[in-house]
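J.:
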DNA sequence: TCGGAATGACCTGTTTACGTATCATCCACC
DNA sequence: GGTGGATGATACGTAAACAGGTCATTCCGA
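Residue numbers (this note's numbering), protein chains in the order written: chain F, 5 to 106; chain U, 5 to 106.
1. Given 8 angstroms as the limit, is there contact between the region 79 to 86 of chain F and the region 51 to 69 of chain F, that is, 3 or more CB pairs closer than that?
2. Which value, in whole angstroms, describes the spacing of the CA atoms of residue 39/U and residue 9/U?
3. So which of 12/U, 13/U, 23/U has the shortest CA-CA distance to residue 65/U?
4. Flag residue 48/U as yes if its beta-carbon sits less than 9 angstroms from any beta-carbon of chain F, otherwise no.
5. What residue range is occupied by the uninterrupted beta strand (DSSP E) comprising residue 76/F?
6. Does any C-beta atom of chain U lie closer than 9 angstroms to the C-beta of residue 16/F?
7. Is there a C-beta anywhere in chain U that falls below 9 angstroms from the one on residue 54/F?
8. For residue 54/F, write down the residues that DSSP places opposite it in a beta bridge.
9. Hey, how far is the Cα of residue 32/F from the Cα of residue 47/F?
10. Whole angstroms are fine: how far does the CA of residue 43/F sit from the CA of residue 30/F?
11. How far does the alpha helix (DSSP H) with residue 15/F in it reach, from first residue to last?
12. Considering just the uninterrupted stretch of the alpha helix (DSSP H) at residue 65/U, what are its terminal residues?
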């Protein structure tokens, strides 16, 4: 029901970060204090985790959740660009317009 | 219940942003597509909103939720410092260590 | 003094995130 | 061919986020 593109995108960022860290879903779930099926739902965008769960997962992946004024989002996005020598982008915005040319 | 300090802090940031925008709880709740009692719970840290709800509230307040690698958090925090001429800080980190003065 | 707006606080009911258990599939590796 | 790890997916029960309603309190302006 209502596969929110935002949730899909968020889950994709989690997955990329997890892959980059070479960890399994179970390891992240354990660190984030949730079950594997639940972490899977979040990573695939099938469920909307709670605020506390989000933070736990982010930290398990070496990241933090931040509230950024919309005016500063572009500046921060460019700061996070890995200079085009790597194609994984750990940062995530709730802005769906972040979809750039694949 | 376990009044998570993280939720308190998150709610405080929402409240500051809302005050700065001169809006009522009801107006934000309406824009974020949730009920006022629920927005109140989130603002006071009494409830942990879902990921989708968090984004809706953030946007209603002119902000976005971002996933930031922990290594970059300090740099971004300093970027968000309002030059010391204003005491409201719209940005928010899940890092509890952000508690500075008062 | 009397409203009316904003907020805090509680209730009832529905939806859904969550834990736990279970099974199927894929893919190495032996 | 067989075994084990990682993942996808389902089911059931519980806890909590959600909607909607109501009442008390504070504050401000007519």
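Positions of the beta carbon are idealized from the N, C-alpha and C atoms, including for glycine. Note that the structure is a prediction, hence the values are computed from the model and not measured.
T.: Once the coordinates are examined:
1. no
2. 23 angstroms
3. 23/U
4. no
5. No beta strand (DSSP E) holds residue 76/F; DSSP gives it neither H nor E.
6. no
7. yes
8. 54/U
9. 11 angstroms
10. 8 angstroms
11. 9 to 25
12. Per DSSP, residue 65/U belongs to no alpha helix (DSSP H) and is neither H nor E.
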